[in-house]
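Each remark here refers to the structure printed beneath this line.
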Amino acid sequence: DQALRLLAQMASARGEFDTIICSAAVSACEKSGQWDQALKFLLEMASAQAKLDTITYSAAVSACEKGDRWDQALGLLVEM
């Protein structure tokens, strides 16, 4: 949870959503079982028109899978 706050602060301080920072945040969510937070970061990135790459999507899909949110995971696969 502290790591996620730090990553969010880094993105905020830069004034933009860096793909690497946000991918790390989504991956941290995936590893900590926070699928809903992973999707939140993904939506924030999309809203900020940040580049969403395969790594970011894969981490989000994995987070949804670990949270038994297959409907969300399949939706992300379609978006890719």
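Residue numbers 5 to 84, in the working numbering, belong to the letters of the sequence shown in order. Idealized CB from N, CA, C, for every residue including glycine.
Between the Cα of V82 and the Cα atoms of V30, S62 and K70, which residue gives the shortest distance? In the sequence shown, counting from the first residue as 1, residue 82 sits at position 78. Answer by Cα proximity: S62.
DSSP on G37, reduced to helix/strand/coil? Here the question's residue 37 lines up with position 33 in the sequence shown. In this structure, G37 counts as coil in the three-state DSSP scheme.
Assuming S36 and D57 make a contact with CB atoms under 8 Å, what is their CB distance in whole Å? In the sequence shown, residue 36 corresponds to position 32, counting from 1. In the sequence shown, residue 57 corresponds to position 53, counting from 1. The pair is not a contact, with the Cβ atoms about 21 Å apart (cut-off 8 Å).
Where does M84 sit, in a helix, a strand or coil, going by DSSP? Your numbering for residue 84 matches position 80 in the sequence shown. Coil at M84, not helix or strand.
Taking the alpha helix (DSSP H) that K70 belongs to, which residues open and close that run? The residue you call residue 70 lines up with position 66 of the sequence shown. Unbroken alpha helix (DSSP H) run through K70: T58 to K70.
Which residues in the same chain as I59 place their Cβ atom closer than 7 Å to its Cβ, once the five residues preceding and following it in sequence are excluded? Taking the sequence shown and counting its residues from 1, one reaches residue 59 at position 55. Contacts found: S27.
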